Each structure stands twice: as structure tokens, then as C-alpha cells.
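Residue numbers (this note's numbering), protein chains in the order written: chain A, 203 to 566; chain B, 195 to 270. We put the CB at the ideal spot given by N, CA and C, even for glycine. This structure is a prediction, so every number in the text was calculated from the model and none was measured. To start, the structure under review is shown below, and the notes come after it.
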Ligand code: SF4
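See below:
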């Protein structure tokens, strides 16, 4: 068992596809919340093999895409403070803020370093005692515990020049916001697998109970997605709405208690601004008072000015599942992965990038 | 961005481990999965093991999928 190739078997995929075709009678629209799922769905051409009864839409599950321009501008402003070293995951570099990107300010001399892990950022802080290292805390519940762990480790090791700009976002509250807006009618939700590895499956119950929408937690291999769709179809045809886990090898109903404990210790919830969606109550995480010395918002005076949205970019509508990249007149002409206009084209998990790279699926 | 990949724990020291990811060995943190043991497969996200993978559940899922495939073949 290697946990990867087994879940890519084409023979088993065919079995699932034929069962889905046999079972699916009712027209239904499923949203895959997570950008990682969007990539699997496009890479393996999953939309194309599903019956015409099933319509798939992508959700706002790409942390980079949903980061508001005002927040990106904060990160870019921080990078321009001379004693600051910005440590960030690579995907952030190219994302355009209102006036610039981290990559551009880096080319102009700002010290912006790409790291693979917060552990690397802590090392940079230890190696550069005269500088302030600010880690850009962007991500969902999957990432937040790793960043909480880094703050706890900085405290234990007496590292005083390490800060986090906490722009974390929480998934269940934004799904509620999308459902409450009523803009897009959903009949099933493919719940994010690695967010659920941390929070478990219980936090999705309200969707099944209050909104009557079937929910299935999926993994990231093609068989995982197909099995998830198969389970959603079964619920719909049986008139059920409950939360199930298709990704049982990686997700337990109660989640990862240790990770949740660390997250809770360091962060508290706050309102957060989502691109295209606006402010959603309790959907963000800020550093608790007890850990304020590590909070970049507190340590630095940041004034990035007012944000500005690129004209013509409809990332916001795409993130709400209301439009697709094909509705954007900039798509593929002005906006490409090489010269992206909006974040959904920059991030490898953004819908625009998935449509662009795996073009064969356009009709899906 | 919530990408997490399976890794096999080879060796544990304090709260860190050497883990094999595909063909390469990486140092990962076990702070979020203190109960992980040598020989376990874990899901690694940005250098941290975020969960231990459940071998039995994986086999059970595959068994179910094989049943579905066999059924599909019979109904042809
Ligand atoms: S194609 Fe480019 S400009 Fe259009 S919505 Fe996507 S990212 Fe924005």
C-alpha cells in the first residue's frame, strides 16, 4: 500500500463511472469546494465522463484566490519595510495586489523568500537576528495548525524576530455564506479532504441538516472523486442528505484533536474579507492576545492605502460558483498563467488556471 | 494549497521524523501527530504530518471499489 497509485486504477474508475451512469436519474449540481479537487477533476477529465444529469461547479477553496486585495497589499507593504524579510509559500509571489506583486517588489530589492514550511521560516529568523521575519499566514484549516505550531516553537526557542501575518480563512462559515446568498443552487457538496483531516466531518453537518444538501468528504485521487460523486448520487436518488466520508483512510469524523488544540491555543476567530464574497463573520483567524508579540499586525504599522480591483477580472463571481472562467473576456487572451490578471489564474489551484491548463474539459 | 502527500515514517527523533516521500527522504515535524510511529504512513502538508493514514480503511475502500467494478462487469 503506497496510498497513491492504488487510487488511480483505470479499471476501478470504469466500474465507478458505470455505476454512476446507472444510478443517476435526477439532475443535480455538485460543488467541489476545494481547489485541489478542481485540479484532480480537470487533470483526469472527470467532468467529461460523468452523465449529463450531473453538473459540476468549482467553489472558493483556493486560499490564495480568496485573499482580498486589501490583505495582499498589506503583505506587499510589509515586504517594503527595509528590516523585514517576508517568508511565504511560493504560490503567493506572482499574485497581483492593487498596484504590485511580491515578485515585483522582490525584483526591486525587497527580501522575499519562498519557503516550503514554517520550519524554514523559523530557521531564517534564527539565522538573521538583526532582521524581522514575517511569515504570510495564508491557508485554510489544513495550514493554520502548522502555523500555530511555528508560533509555539518560536516561543519555546526564544525566537523574538518571527512574526505571522494571519490571513487564515475557515471553510464551513464561507459555505454557509454562499448557500445563504442563494446565488447558486447546489444539490451536493464535495467537502475538502485535508481541511477535514484537521476538523473532521462533524463541522459539515449543518449543511446536510439545515440546507438538506448531501455532503461527502473526498480525497484527491481520481478514484476518490469518482467515489465521492457516486455516494452523492446515491444520497440524492435515495432522498437522503447526510455527511459521509469517502476519504476514510485520511479523515476521521472527529478530525485531528491535537492539531485543533494548537490552533485554538494560538488563534481565535474573527471576521474575514473574502474576494468576491465580502466579509464573512467568524471565518478568519487572528493571533490571540497571549501571542501578540508574534502578530505582524500588532508589531508593524502597515498602511497599504485603498485596494483596487483589476478591471474586467471576474474571479469574485467564479469563486462564488456563479460564473466560469469562460465567461471572462480576458480569459486566455489577456489573462494567461504567464501574465495573470487575477489570482484565479496565478494559483495552480485556481479555476482559471485549471481551465487554461486542461483545456480539453472546457465543454464539461 | 491544502495539498498533502503520503509519506512513510522511517525514523523518529524528538518531535521530528525522517520520512520517505516517493523516492526522497524529508525531515518532517510530528507536532500535530505525536502518536505517529515508525512504519506509519502520514499525510504531510508543508513539512508537518497532519494525520496518520489508516491502512485498514484504505484496503476496505479498495475492496469496495473492486466489488463495484465486478458488478459493473457482470451487468456489462
Ligand atoms: S481569466 Fe484572469 S481576469 Fe478573468 S477571471 Fe480569471 S483570473 Fe480574472
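1. Let me check you understand the geometry: is the CB of residue 533(A) closer than 6 Å to at least one non-hydrogen atom of the ligand GTP?
2. Evaluate contact between the stretch 528–543 of chain A and the stretch 502–515 of chain A, counting only Cβ atoms and requiring at least three cross-stretch pairs below 8 Å.
3. I believe residue 390(A) touches residue 453(A) by the beta-carbon criterion, under 8 Å. Please report the beta-carbon distance rounded to the nearest angstrom.
4. Going straight from the alpha carbon of residue 568(A) to that of residue 224(A), what length do you get?
5. Does residue 265(B) come out as helix, strand or coil in the three-state DSSP assignment?
6. Which bits of chain B does residue 370(A) rub up against, with CB to CB less than 7 Å?
7. Would you list, in chain order, the members of the stretch 293–309 of chain A that have their beta-carbon closer than 9 Å to a beta-carbon of chain B?
8. Since residue 318(A) meets chain B, which of its residues come closer than 7 Å, beta carbon to beta carbon?
9. Find the nearest neighbour of residue 557(A) within the set 420(A), 458(A), 259(A), 487(A), judged by alpha-carbon distance.
10. Does the Cβ of residue 527(A) lie closer than 6 Å to at least one heavy atom of the ligand SF4?
11. Go ahead and pull the three-state DSSP assignment for residue 352(A).
12. Along the chain, where does the beta strand (DSSP E) containing residue 337(A) start, and where does it finish?
13. If residue 506(A) sits next to residue 275(A), beta carbons under 8 Å apart, how far is it from one beta carbon to the other, in whole angstroms?
14. Could you check where the alpha helix (DSSP H) with residue 216(B) kicks off and where it finishes?
15. Please report the straight-line C-alpha distance between residue 535(A) and residue 330(A), rounded to a whole angstrom.
16. For a test of the three-state rule: what should DSSP assign to residue 265(A), helix, strand or coil?
17. Entirely within the stretch 468–548 of chain A and at least 3 residues each: give me those beta strand (DSSP E) ranges in chain order.
18. Identify the continuous beta strand (DSSP E) that holds residue 207(B) and give its terminal residues.
19. What does DSSP give as the partner residues of residue 419(A) in its beta bridges?
20. Please indicate yes or no: does the CB of residue 516(A) lie closer than 6 Å to some heavy atom of the ligand SF4?
21. What are the partner residues of residue 290(A), as DSSP defines its beta bridges?
Straight from the coordinates:
1. Of the ligands this structure carries, namely the ligand SF4, none is the ligand GTP.
2. With the cut-off at 8 Å, the stretch 528–543 of chain A and the stretch 502–515 of chain A touch.
3. The beta carbons of residue 390(A) and residue 453(A) sit about 17 Å from each other, so the pair does not count as a contact at 8 Å.
4. Look at the range of chain A in this structure, 203 to 566, and you will see that residue 568(A) is not part of it.
5. Three-state DSSP puts residue 265(B) in a helix.
6. None at all; the shortest Cβ gap to chain B is about 11 Å.
7. Here the close residues are 293.
8. Simply 240, 241.
9. Checked all of 420(A), 458(A), 259(A), 487(A); the closest Cα to residue 557(A) is 259(A).
10. Checking every heavy atom of the ligand SF4 against the Cβ of residue 527(A), one is found closer than 6 Å.
11. Residue 352(A) sits in a helix when the DSSP states are folded into three classes.
12. If you look at residue 337(A), you'll find it in the beta strand (DSSP E) that goes 334–339.
13. The Cβ separation is near 4 Å, so the contact holds.
14. Residue 216(B) -> no alpha helix (DSSP H), and no H or E assigned at all.
15. The straight-line gap from Cα to Cα measures roughly 43 Å.
16. The answer is helix: DSSP assigns residue 265(A) an H, G or I state.
17. The qualifying runs are 469–476, 480–489.
18. 199–207 is the span of the beta strand (DSSP E), which, as asked, contains residue 207(B).
19. As DSSP reads the structure, residue 419(A) sits in a beta bridge with 393(A), 447(A).
20. For residue 516(A), the CB falls within less than 6 Å of some heavy atom of the ligand SF4.
21. Its beta-bridge partners are 316(A).
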